[in-house]
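Undergrad:
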Amino acid sequence: MTRTPQSDAQVAHRFRFAADILESMTDGIDGDRLGALVRWALHGEAAADEAEALIRIFEAPHLAAIDEGAWSGDSRAEALADIARVTAAADGLADDAAARVVQWFCAERRRQVDIEGWSLEHDDLYDAGEMAHAAGCYAIAAIRPANDRRMGLGYPPDHWPWEVRWWKPADPLTMLVKAGALLIAEVERLERRGESRAEAEADVARVTAEAEALEVRVSAAARRSRALASLRALQEGAAIAMPSFVGNEAVYDFLCAIHREAVKGQLASDDVANEGTLGAMGGQNHG
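What follows is the structure, encoded as structure tokens:
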């Protein structure tokens, strides 16, 4: 949500009304309604998912009056009227020229989203700075002489990024407000792109780390496999040669030592799953 900067006077006015509502409540207040009331007091508006909670808390004094028999009427309509009245009164307290201008920009930005239907997903499609170019066009048009022939015919400046039918000139102030709203849209787009890029870079780093770890595991497994093949070859070769050297004690002991060490190497080099299998093989050989 694009929030309009608020002056101290605006916030104070809304908080005074919020305090009056809280003092009039005798049945307590839940966290949802309190949160909606505080955010409205701070920002002059509630998020879309808090609108109902804000209406309910503004409705509470009217419902209490109905219960007491002191008033009868449409409590929800009165609540909506109260929200609109207090919000409008606070808006009139903007005491800073810059804050008022930013309010105009933000209001136009909301109109573009809510009325024109230019969603954030739509804005993200313009990744070549089109919205900034469009803002510049409106700003340039706002300061051009009224008798500029091209502008008089309803044509945009030469670097207008879209079709001519989307060019909607107006009085200078309105065009400057449009320019400000488009700049807000472009800044928001760049911020979203920055977040997306950071997420993408994090994903790439994660996948790369996983691939490197997998490569290390595969490499280690390959080395173990080659080592085991060599050890098995030594074991088998020694087993085959041993009967031929039974009478030659030195050679026979040497072959036995090779056989024994080959079996130990197989047991030490493999993982737990293979260790049992090799252990059984080694036990048979020693037997």
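The opening residue of the sequence shown carries number 16 in our numbering; numbering runs sequentially from there.
For every residue, glycine included, the Cβ atom is placed at its ideal position computed from N, Cα and C.
1) If we ignore side chains and look at the alpha-carbon of each, how far apart do Q25 and P184 end up?
2) With respect to the alpha helix (DSSP H) encompassing H174, which residues constitute its N-terminal and C-terminal limits?
3) Nearest-angstrom Cα distance between I72 and R126?
4) Quick one: grab the DSSP three-state call for R204.
5) With a 10 Å radius around its C-beta and 16 neighbouring C-beta atoms as the bar for buried, classify W181 as buried or exposed.
6) To the nearest angstrom, how far is it from the Cα of G190 to the Cα of I199?
7) What is the DSSP secondary structure of M40, counted as helix, strand or coil?
8) Where does I195 land, buried or exposed, given buried means 16+ other C-beta within 10 angstroms?
9) Just to confirm, are W133 and V192 a CB contact at a threshold of 7 Å?
10) Just how far apart, CA to CA, sit A149 and R208?
11) Would you mind listing the alpha helix (DSSP H) stretches within the region 119-163 that are 4+ residues and don't spill past its ends, in chain order?
12) So A51 and L69 are in contact, right, with Cβ under 8 Å, and what is the actual spacing, rounded?
13) From D129 to P176, what does the alpha carbon distance come to, in whole angstroms?
14) Taking C-alpha atoms, which residue in E83, R204, D82 and S90 lies nearest to H137?
TA: So, from the listed chains and residues:
1) Start at 1 with the first residue of the sequence shown, and residue 25 comes out as number 10. Start at 1 with the first residue of the sequence shown, and residue 184 comes out as number 169. So the two alpha carbons sit approximately 33 Å from each other.
2) As a working mapping, residue 174 is identified with position 159 in the sequence shown. Segment: none, H174 is in no alpha helix (DSSP H) and carries neither H nor E.
3) Counting from one through the sequence shown, the residue named residue 72 turns up at place 57. Counting from one through the sequence shown, the residue named residue 126 turns up at place 111. Between I72 and R126, the C-alpha separation is close to 27 Å.
4) Taking the sequence shown and counting its residues from 1, one reaches residue 204 at position 189. Correct three-state label for R204: helix.
5) Along the sequence shown, one-based indexing puts residue 181 at 166. W181 should be labelled exposed.
6) For the purposes of this step, residue 190 is taken as the residue at position 175 of the sequence shown. For the purposes of this step, residue 199 is taken as the residue at position 184 of the sequence shown. Checking the sequence shown, residue 190 turns out to be Met, not Gly. Each residue's alpha carbon lies about 14 Å from the other.
7) For this step, residue 40 is matched to residue 25 along the sequence shown. If DSSP states are grouped into helix, strand and coil, M40 belongs with coil.
8) Taking the first residue of the sequence shown as 1, we reach residue 195 at position 180. One point to set straight first is that residue 195 is Gly, not Ile, in the sequence displayed. Flag for G195 reads buried.
9) Working through the sequence shown from its first residue, we reach residue 133 at position 118. Working through the sequence shown from its first residue, we reach residue 192 at position 177. Taking 7 Å as the Cβ cut-off, W133 and V192 do not qualify as a contacting pair.
10) Counted from its first residue, the sequence shown places residue 149 at position 134. Counted from its first residue, the sequence shown places residue 208 at position 193. Straight-line Cα distance between these residues: approximately 19 Å.
11) 135-139 and 145-158
12) For this step, residue 51 is matched to residue 36 along the sequence shown. For this step, residue 69 is matched to residue 54 along the sequence shown. Yes, A51 and L69 are in contact; Cβ-Cβ is about 4 Å, under 8 Å.
13) Position 114 of the sequence shown, counted from the first residue, corresponds to residue 129. Position 161 of the sequence shown, counted from the first residue, corresponds to residue 176. Distance between the alpha carbons of D129 and P176 is about 22 Å.
14) The residue you call residue 137 lines up with position 122 of the sequence shown. Comparing Cα positions, the closest option is R204.
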